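> Before I ask anything, here is the structure I am working with.
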Amino acid sequence: MSVIRQFGPSWFTTVMGVGIVAVLTYTSPFPIPYQHDIGAVLFGLLNAIFIVAFLFWLFRWIFHTDEALNDFRHPARALFYGAFAMGINVVGNDYLLIGSHILNSGLATDISKVVWVAGTIVSIFTVIVVPYLLFTEHEVEQHQALATWLIPVVPPIVAAATGANLIPFWGGAGTQFAITALIFAMFGATFFLFIMISGLVYARLVYHKRLSGEAAPSLWVEIGPIGMSMGTFSTLPLKTQAILGQYANMLHVIGLVFSMALWGIGIWWIVISTMHTLLHLSKRGEGLPFHMGWWSYVFPIGSFTSGTYALDHLVSYPFYTIAGFVQLLILWGCFAVVFARTATGVWKGSLIQWRSSHWTRYGLSNEKRTA
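Written out as structure tokens, the structure is:
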């Protein structure tokens with residue numbers, strides 16, 4: 001019960017990270033030895049982590065309702081309901097792109113569609129409720145504007161990018177057009193919120209003291225919506241030819257130009273974020289204390305890599321194939337470090353207190369533990 005009480009929505013960042021690495025490894029356009037085997041193993045791990053995380057989240061609402069409600073009252077913890085939404089969308093996408101090759105194809109596609117609908121509903125919930133609470137209930141200062149403010153507004157664009165793959169599986173042309181219209185609407189909501197929040201983050205970087213070592217990983221979050229925007233606009237031209245007719249060629253051109261331009265700004269953010277990371281690893285910095293925010297080194301890079309994959313499918317030139325492979329190697333390096341640190345932190349009880357030594361340290365008697 002103590003573990004369940006501590007289990008907040010930030011833990012769904014592990015679902016996001018494992019899921020994005022699994023699907024990018026499995027679908028790499030650059031051939032990799034055993035890529036399907038590795039992707040399948042990670043897909044199984046993803047399912048296990050998601051089931052455990054979802055059950056812990058559900059039990060927390062049942063047995064520790066006040067703690068769960070307090071997440072929405074806290075300006076930092078409320079943000080991570082976006083991770084919950086994105087985790088659901090990632091699982092659904094993995095069932096389509098990996099599960100359809102392991103399970104019965106029709107069953108995997110149906111699961112993907114059901115999970116996508118659930119993820120879309122939660123995504124719309126977070127993009128409305130969390131910003132509203134920030135506007136009306138939470139008290140924050142300008143210097144607290146971090147890229148983590150993007151976490152609750154990014155889910156609709158993740159739903160858009162993953163939903164684009166599902167368009168051909170939605171029956172008739174009318175239904176497919178409705179899904180396409182929803183995808184464009186979700187992209188519009190997230191992309192312009194992304195621009196506004198990025199402006200606040202940029203202003204904070206300019207006018208206030210530099211980011212601390214603890215906050216430095218948050219900069220990488222900026223890369224996530226860039227990659228998902230690329231993925232959305234690079235995938236839509238290929239999936240909507242049957243329903244858009246004469247407009248499909250126009251969308252192909254728009255998607256190509258838009259995604260290539262976004263790829264450039266994504267590289268800029270990667271360079272800036274890398275420089276901040278190296279700064280805090282140098283003598284001039286404060287170090288990078290490990291916390292769950294380190295998963296910002298995984299999912300955003302994975303999102304950008306997925307956008308590069310989609311752009312590669314759209315243009316079919318080796319430039320983006322090679323770029324995607326290089327990004328995948330970087331992603332795997334980050335994933336290996338963050339996953340190992342997370343597993344170690346869980347085992348030692350530093351990330352989530354489950355050992356008796358930690359209960360004693362924090363003044364929890366045996367009676368309180370078993371209450």
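Residues 1 to 371 in full-length UniProt numbering are what the sequence shown spells out, letter by letter. Note that beta-carbon positions come from the ideal geometry of N, C-alpha and C, so glycine has one too. Only a predicted model underlies this, so the values are computations on that prediction, with no experimental measurement involved.
How far does the alpha helix (DSSP H) with residue 247 in it extend, from its first residue to its last?
Working through the sequence shown from its first residue, we reach residue 247 at position 247. Unbroken alpha helix (DSSP H) run through residue 247: 247-281.
> Determine, using beta carbons only, whether residue 130 and residue 156 come nearer to each other than 8 Å.
Along the sequence shown, one-based indexing puts residue 130 at 130. Along the sequence shown, one-based indexing puts residue 156 at 156. Contact: no.
> Taking only runs that begin and end inside the segment 187-217, name each unbroken beta strand (DSSP E) of 3 or more residues, in chain order.
Entirely contained in the segment 187-217, not one beta strand (DSSP E) run reaches 3 residues.
> By Cβ distance, which residues of its chain are closer than 7 Å to residue 167, with the 5 residues on each side in sequence left out?
The sequence position of residue 167 within the sequence shown is 167, counting from 1. Closer than 7 Å at the Cβ level, and outside the excluded window around residue 167, lie 176, 179, 180, 239, 240.
> Residue 151 by DSSP, collapsed to three states: which one?
Sequence index remark: in the sequence shown, residue 151 carries index 151 (1-based). Coil.
> Can you tell me which of the three DSSP states residue 173 falls into?
Numbered from its first residue, the sequence shown carries residue 173 at position 173. Residue 173: helix per DSSP, three-state reduction.
> Measuring CB atoms only, is the segment 60-76 touching the segment 84-101, in the sense that at least three cross pairs come out at less than 8 Å?
The segment 60-76 vs the segment 84-101: no contact.
> Assuming residue 237 is part of the alpha helix (DSSP H), what are its boundary residues?
Taking the first residue of the sequence shown as 1, we reach residue 237 at position 237. Counting along the chain, the alpha helix (DSSP H) containing residue 237 begins and ends at 223-239.
> For the candidate residues 220, 187, 110, 106, whose alpha-carbon lies nearest to that of residue 300?
Locating residue 300 in the sequence shown gives position 300, where the first residue counts as 1. It is 220.
> Hey, is the segment 12-27 in contact with the segment 39-53, meaning 3+ C-beta pairs nearer than 8 Å?
Segments in contact, yes.
> Report back the beta-carbon spacing between residue 222 and residue 150 to the nearest angstrom; my notes put them in contact at under 8 Å.
Against the sequence shown, residue 222 aligns to sequence position 222. Against the sequence shown, residue 150 aligns to sequence position 150. Yes, they are in contact, since the Cβ atoms of residue 222 and residue 150 sit about 7 Å apart, within 8 Å.
> Residue 349 to residue 218, Cα distance in whole Å?
Reading the sequence shown from its first residue, position 349 is the one you call residue 349. Reading the sequence shown from its first residue, position 218 is the one you call residue 218. Computed Cα separation, rounded: 24 Å.
> Using only alpha-carbon positions, find the residue among 146, 44, 325 that is nearest to residue 76.
Start at 1 with the first residue of the sequence shown, and residue 76 comes out as number 76. Nearest C-alpha to residue 76: 146.
> Between which two residues does the alpha helix (DSSP H) carrying residue 18 extend?
For the purposes of this step, residue 18 is taken as residue 18 along the sequence shown, with counting starting at 1. Here the alpha helix (DSSP H) through residue 18 covers 12-26.
> List the whole-angstrom C-beta distance separating residue 71 from residue 9, where the pair is believed to meet the contact cut-off of C-beta under 8 Å.
Looking up residue 71 in the sequence shown gives position 71. Looking up residue 9 in the sequence shown gives position 9. Their Cβ separation, rounded to whole angstroms, is 7 Å, which keeps residue 71 and residue 9 in contact under 8 Å.
> Assuming residue 2 is part of the alpha helix (DSSP H), what are its boundary residues?
Taking the sequence shown and counting its residues from 1, one reaches residue 2 at position 2. It spans 2-6 - the alpha helix (DSSP H) in which residue 2 sits, taken as one unbroken run.
> Could you have a look at residue 287 and say whether DSSP puts it in helix, strand or coil?
Counting from 1 along the sequence shown, the entry for residue 287 is found at position 287. Three-state DSSP puts residue 287 in coil, outside helix and strand.
> Just checking, does the segment 221-236 make contact with the segment 304-317 on the three C-beta pairs under 8 Å criterion?
Because the criterion of three Cβ pairs below 8 Å is met, the segment 221-236 and the segment 304-317 touch.
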